[in-house]
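Student:
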Amino acid sequence: MAKTLNYRIFAQRNKFLIKMNLHEYQGKELLSSFGVRIQRGIVVQSAKEAVDAAKQLTAETGTGWHVIKAQVHAGGRGKGGGVKLAKNLNEVEEIAGKIIGMDLVTPQTSAEGKRVHQVLVAEDVYYPGKNEPQEYYMSVLLNRGTGRNMIVYSTEGGMDIETVAEETPELIHNEEIDASTGILPFQARRIAFNLGLSGTAFKEMTKFVTALYTAYVKSDASLFEINPVLKTSDDLIMAVDAKVTLDANALYRHRDLAQLRDLREENPIEVEAGALGLNYVDLEGNVGCMVNGAGLAMATMDLIKQAGGEPANFLDVGGTADAARVEAAFGIILKDPAVKAILINIFGGIVRCDRVAQGVIDAYKNMGNISVPIIVRLQGTNADIAKELIDNSGLDVMSATEFQEAADKVQAVLS
Ligand code: GDP
Ligand code: MN
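For the sequence shown, the residue numbers in the working numbering are 168 to 582.
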């Protein structure tokens, strides 16, 4: 049980701390810079700018119709009314005006939705012609089982890939790439063939996947999902959507990409904690926790779970748990209204437990407004002195030395 919980927390932690998501327009610009053909567009912040953008696109591409696309970090925008076709400039203005400022609810957002600050005005690429436009699905990601990158693709584009996987798994293909060679020409051809392409579209697709895979590797991405990839009526292959997730640990060598981070799309408490140098991940539960070290933090969350609670957060305060840090951490934990109790679990290795205890007491007094019970477990150097300090502080803080004792006390305050 402990193991599965750790895994869940770890996955959640990865989501916030190890990956950086891009907006569709940023993802498309990245792809384009590697020679991947994209549906062209211009990002804007107002209805008026949308009209200017549409005029510019018409001048450059000849398109009369445009799609207006909400730029938020969530998929399924089309289903939520965040992607709309405009057939003239009046419609561009009207639709952009409606979408900018709305709280867009999609199958991938909360019920409150996500505030739309900007839209992408894009050329309409579903224009009629020689052939019917055709949508495909394509993603690039790491197969953890084999340790290789793979290209997952399907003829069933435009729809939810999870649904395709459930109903017609035989229509999902997968091409594994050897890191030492990169994507080979025969692999690109096999993909184009399996998608049923021939002639110009076949050649276009081999160029498309080759450039896409190169972009993935060169930008240190952890996920590209292009749904749909479009075959236009005149057999061009292009990315109509782009979900791009970058490996945040590699951003030090992509300064330009690091600039693309949009803090408005992230959890505000996590952003604030990050600025204070605290490793904090917001979770759904009711017991706040403050711990030093990521491993101990995960074990502590398991402890809370076993005591009948649910962790409200992951918080690693780092090595120096002095009064200022402890106070900052208290402040962050208490911003979450769901917190009913706080468990502090600190191992005094280099930092002495009595110092931490004094820090907790000082922070508690400075904050003045803490109304939830606090359980402090300090173990390590000078743990006995620390316990005495806590017990004699006269504050509503319970001390514990053993892991089980801390769990019992959490259980007691929750029931
Ligand atoms: P998502 O809903 O968040 O995945 O957003 P997408 O970028 O995938 O767009 C949703 C849908 O809008 C696509 O599957 C298309 O069917 C449609 N769409 C996108 N671009 C165009 C376009 O240029 N013309 C038309 N007619 N439809 C488009
Ligand atoms: Mn899409």
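Idealized CB from N, CA, C, for every residue including glycine.
1. Verify whether the separation of the beta carbon atoms of F391 and T412 is less than 9 angstroms.
2. On the DSSP bridge assignment, give the partners of R282 in chain order.
3. Which class does A178 belong to by DSSP, given the choice of helix, strand or coil?
4. Can you tell me which of the three DSSP states K186 falls into?
5. Note down the Cα distance separating E405 from G208, rounded to an integer number of angstroms.
6. Taking just the CA atoms, how far does T273 sit from G280?
7. Identify every run of the beta strand (DSSP E) within the stretch 476-529, keeping only runs that are complete inside it and at least 3 residues long; order them along the chain.
8. Under 5 angstroms, CB to any heavy atom of the ligand MN. Which residues pass, going along the chain?
9. F391 by DSSP, collapsed to three states: which one?
10. Any idea what DSSP makes of E302, helix, strand or coil?
11. Spatial neighbours of Q473 within its chain, please: C-beta separation below 7 angstroms, excluding the five flanking residues on both sides.
12. In or out: I517 buried (at least 16 other Cβ within 10 Å) or exposed?
13. Leaving aside the five residues before and after T367 along the sequence, list all residues of the same chain whose C-beta is less than 7 angstroms from its C-beta, in chain order.
14. If we ignore side chains and look at the alpha-carbon of each, how far apart do D483 and W232 end up?
15. Counting pairs of Cβ atoms below 8 angstroms between the stretch 528-545 and the stretch 493-511, do you hit three or more?
16. How about A479 and V458: do their beta carbons lie closer than 9 angstroms?
17. Out of curiosity, what's the CA-to-CA distance linking T348 and K385?
18. With a threshold of 8 angstroms (Cβ to nearest heavy atom), would A244 be considered close to the ligand GDP?
19. Quick one: using the 10 Å Cβ neighbour count with 16 as the cut-off for buried, is K576 buried or exposed?
20. To the nearest angstrom, how far is the alpha carbon of G264 from that of G535?
21. Compute every distance between the C-beta of A553 and the non-hydrogen atoms of the ligand GDP, then say whether any falls below 8 angstroms.
22. State the beta-bridge partners of E290 as determined by DSSP.
23. Just curious, the alpha helix (DSSP H) that V384 is in, first and last residue?
24. Is the beta carbon of A359 within less than 8 angstroms of some heavy atom of the ligand GDP?
25. What three-state label does DSSP hand I209 in the structure shown?
26. What residues in its chain sit with their C-beta under 7 angstroms from that of A289, if we drop five residues either side in the sequence?
27. Would a C-beta distance cut-off of 9 angstroms place A524 and L501 closer than the cut-off?
28. What separation, rounded to the nearest whole angstrom, lies between the Cα atoms of E333 and D414?
29. Bridge partners for E343 per DSSP, in chain order?
30. Measuring only the C-alpha atoms, how far is I436 from G515?
31. Where does K576 fall in DSSP's three states?
32. Between which two residues does the beta strand (DSSP E) holding I404 run?
33. Are three or more beta carbon pairs between the stretch 294-308 and the stretch 322-342 nearer than 8 angstroms?
34. Does the ligand GDP have a heavy atom nearer than 8 angstroms to the CB of Q525?
Tutor: By the coordinates alone:
1. yes
2. D270
3. Unreliable placement is indicated for A178, whose pLDDT of 44 sits below 50; the coordinate value is still reported in the next sentence. Helix.
4. strand
5. According to the sequence provided, residue 405 is Met. The question's Glu does not apply to it. If you take the alpha carbons of M405 and G208, they lie about 13 angstroms apart.
6. 7 angstroms
7. 480-483, 508-515
8. By the rule of a C-beta closer than 5 angstroms to any heavy atom of the ligand MN, the residues picked out are N394, D408.
9. Residue state for F391 is assigned as strand, using DSSP reduced to three classes.
10. strand
11. A574
12. exposed
13. D402
14. 51 angstroms
15. yes
16. no
17. 14 angstroms
18. The amino acid at residue 244 is misidentified as Ala; the sequence shows Arg. Checking the 8 angstroms criterion, the Cβ of R244 is within range of a heavy atom belonging to the ligand GDP.
19. buried
20. 46 angstroms
21. No, Cβ of A553 sits at least 8 angstroms from all heavy atoms of the ligand GDP.
22. H233
23. 366-385
24. No.
25. strand
26. Q206, R207, G208, H233, V234, K236
27. no
28. 29 angstroms
29. For E343, DSSP records a beta bridge to M317.
30. 27 angstroms
31. helix
32. Per DSSP, the continuous beta strand (DSSP E) segment holding I404 begins and ends at 404-406.
33. yes
34. no
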